[in-house]
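Q: Have a look at this one.
There are 2 protein chains.
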Amino acid sequence: MTTKFENVEVEKQKNILNAALKEFAEKGYEQASTNQIVKDAGIGKGMLFYYFTSKKKLYSYLVDYCIDILEKEYLERVDYSHTDLFERLKVISKVKWGFLVKYPEAINFISALFLKNPDQLESELNKKFQAIQEKWTAVLYEDIDFSLFRDDIDSVKALEVVQWSIHGYEESLKRRFCDQVISEIDYEIYFEEFYEYVDVLKTVFYK
Amino acid sequence: MTTKFENVEVEKQKNILNAALKEFAEKGYEQASTNQIVKDAGIGKGMLFYYFTSKKKLYSYLVDYCIDILEKEYLERVDYSHTDLFERLKVISKVKWGFLVKYPEAINFISALFLKNPDQLESELNKKFQAIQEKWTAVLYEDIDFSLFRDDIDSVKALEVVQWSIHGYEESLKRRFCDQVISEIDYEIYFEEFYEYVDVLKTVFYK
DNA sequence: AAACAATTGACCAAATTGGTCGACACGTGT
DNA sequence: ACACGTGTCGACCAATTTGGTCAATTGTTT
Numbered sequence: 306m307t308t309k310f311e312n313v314e315v316e317k318q319k320n321i322l323n324a325a326l327k328e329f330a331e332k333g334y335e336q337a338s339t340n341q342i343v344k345d346a347g348i349g350k351g352m353l354f355y356y357f358t359s360k361k362k363l364y365s366y367l368v369d370y371c372i373d374i375l376e377k378e379y380l381e382r383v384d385y386s387h388t389d390l391f392e393r394l395k396v397i398s399k400v401k402w403g404f405l406v407k408y409p410e411a412i413n414f415i416s417a418l419f420l421k422n423p424d425q426l427e428s429e430l431n432k433k434f435q436a437i438q439e440k441w442t443a444v445l446y447e448d449i450d451f452s453l454f455r456d457d458i459d460s461v462k463a464l465e466v467v468q469w470s471i472h473g474y475e476e477s478l479k480r481r482f483c484d485q486v487i488s489e490i491d492y493e494i495y496f497e498e499f500y501e502y503v504d505v506l507k508t509v510f511y512k
Numbered sequence: 306m307t308t309k310f311e312n313v314e315v316e317k318q319k320n321i322l323n324a325a326l327k328e329f330a331e332k333g334y335e336q337a338s339t340n341q342i343v344k345d346a347g348i349g350k351g352m353l354f355y356y357f358t359s360k361k362k363l364y365s366y367l368v369d370y371c372i373d374i375l376e377k378e379y380l381e382r383v384d385y386s387h388t389d390l391f392e393r394l395k396v397i398s399k400v401k402w403g404f405l406v407k408y409p410e411a412i413n414f415i416s417a418l419f420l421k422n423p424d425q426l427e428s429e430l431n432k433k434f435q436a437i438q439e440k441w442t443a444v445l446y447e448d449i450d451f452s453l454f455r456d457d458i459d460s461v462k463a464l465e466v467v468q469w470s471i472h473g474y475e476e477s478l479k480r481r482f483c484d485q486v487i488s489e490i491d492y493e494i495y496f497e498e499f500y501e502y503v504d505v506l507k508t509v510f511y512k
């Protein structure tokens, strides 16, 4: 049997989910306001509790939901065929963009989730967290040919620098587009741009 | 004539300032709670308004205070003698560490300040903001010998990557020490570590 | 038309908000 | 001894907000 919430039209589901994800991501659990969520979602106050019975349960639902889509719509979509780290990074960025367009509010919620002290949650969840953690490192390491890197620098440090750089680029993009709707952005230009940065990294870190 | 607040013992001043900076940095202006501030600062509710008369004025005071120390205790302390970017970065990191130890709660407040839409503040402040902005780019560009960089990559991109990397390292440090008091950390080890990363960057970006 | 599901927003007690103020403690001068 | 001024506290204020409820209303099925 499906829950009441999962029977409403998908569009409305998305509105509610997005409103809630945004509010929790911005303010954290305690500070997040259910009033704000219903206003943002465009539904009456009663409906939120009709669907989720309590703030706590709503939050739990979001956590489950996000872990789910993160695995199925992100981590599992990355293909491992390239052994070249920088080609892999380009693939990942494509997958990530698709994810961002489809679930625009999920990322911030997820990163807030992983940033918090993750030891204080039920063991059930903790397992899922670890699974994701492992999958994420796999995405970055599995079958990568590290012999392509120059020998005069530590490839662990190199990888860190690469990750930090990409994160930095993403943040700068976010700042540039903070007030635009992500799905309406002509992303092709920015893939070009992103690839240029990746190529810089490739040039300097490879033999 | 000095204000009432500036006549209080410096230690207590610091407590109050730190408590307020932390609260505003974490929650933003609206969500910040004066109750939380006085509790954290260990003073009675009345004192905060005795010193600052209102939440708004307190916030203004903090903004002025932070701009002040940012200029005098950070930007103006960087010396420009090195033309080697990476040596300059090491100098900057030393200054920054000193700043962090002395004003542990200021940085987050400041970055939150600069991240927000800065167009909606009085022109007086806006000027100061721009001045800092310029000084900050000067700190990173002034008299830097960019001819040392390899010719096969865009040095603008290189500089961005360097900045992103350093920011990434700082964030990773912050995560490692999030629950420790910053002034009690044996920083020498981490300068060593930091310099290793800087040297990696130097190795890969220089001719 | 009767039963049922979905939906709303006024409403609730409890908590929290920025801010006030009377009480009081601690000098210092008289 | 008294008064005066400066700090200091926290109980208190009205106003707002909190998570959550529920009677009433509108659709939808049967």
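Chains as they are written, first to last, in our numbering: chain A, 306 to 512; chain B, 306 to 512. Glycine is no exception: its CB is placed at the ideal position from the N, C-alpha and C atoms. Here the structure is a predicted model, which means the values were calculated and not measured.
1. Would you decide whether residue 473(B) is buried or exposed? Buried here means 16 or more other CB atoms lie within 10 Å of its CB.
2. Along the chain, where does the alpha helix (DSSP H) containing residue 406(A) start, and where does it finish?
3. Determine, using beta carbons only, whether residue 390(A) comes closer than 8 Å to chain B.
4. State yes or no: is the C-beta of residue 430(A) within less than 8 Å of the C-beta of residue 505(A)?
5. How many angstroms separate the CA atom of residue 372(B) from the CA atom of residue 437(A)?
6. Over the uninterrupted alpha helix (DSSP H) stretch that includes residue 453(B), give me the two end residues.
7. Among 507(B), 459(B), 485(B), which residue has its Cα nearest to the Cα of residue 462(A)?
8. Look at residue 415(B) and residue 478(B) and say whether their C-beta atoms are less than 8 Å apart.
9. Hey, does residue 450(B) have any beta-carbon neighbour from chain A nearer than 8 Å?
10. Enumerate in chain order the residues of its own chain whose CB-to-CB distance from residue 366(A) is below 7 Å, with the five nearest sequence positions on each side excluded.
11. At a CB-CB cut-off below 7 Å, which residues of chain A make contact with residue 324(B)?
12. Could you confirm whether any beta carbon from chain B is found closer than 8 Å to the beta carbon of residue 330(A)?
13. Take every Cβ of the region 482-498 of chain B, pair it with every Cβ of the region 399-409 of chain B, and state whether three or more of those distances are shorter than 8 Å.
14. Please report the residue range of the alpha helix (DSSP H) in which residue 419(A) lies.
15. Below 8 Å between beta carbons: does that hold for residue 503(B) and residue 391(B)?
16. Does DSSP put residue 379(B) in a helix, a strand or coil?
17. Taking the C-alpha atoms as reference points, what is the distance between residue 330(A) and residue 387(B)?
A: With the given structure in hand:
1. Answer is buried; the Cβ neighbour count reaches 16.
2. Element bounds for residue 406(A): 390-407.
3. Residue 390(A) does not count as touching chain B.
4. By the CB criterion at 8 Å, residue 430(A) and residue 505(A) fall outside the cutoff.
5. Each residue's Cα considered, the two are about 42 Å apart.
6. Run containing residue 453(B): none; DSSP gives neither H nor E here.
7. Out of 507(B), 459(B), 485(B), 507(B) has the C-alpha closest to the C-alpha of residue 462(A).
8. Between residue 415(B) and residue 478(B), the C-beta spacing is not below 8 Å.
9. With 8 Å as the cut-off, residue 450(B) does not count as an interface residue toward chain A.
10. Residues 357 of the same chain have their beta carbon placed closer than 7 Å to that of residue 366(A), with the five preceding and five following residues left out of the count.
11. None at all; the shortest Cβ gap to chain A is about 18 Å.
12. At a cut-off of 8 Å between C-beta atoms, residue 330(A) does not count as an interface residue with respect to chain B.
13. Output reads yes: the region 399-409 of chain B touches the region 482-498 of chain B.
14. First-last of the alpha helix (DSSP H) with residue 419(A): 411-420.
15. Pairing residue 503(B) with residue 391(B) gives a Cβ-Cβ distance under 8 Å.
16. DSSP, reduced to helix, strand and coil, places residue 379(B) outside both helices and strands of the structure shown, so it counts as coil.
17. C-alpha separation (whole angstroms): 42 Å.
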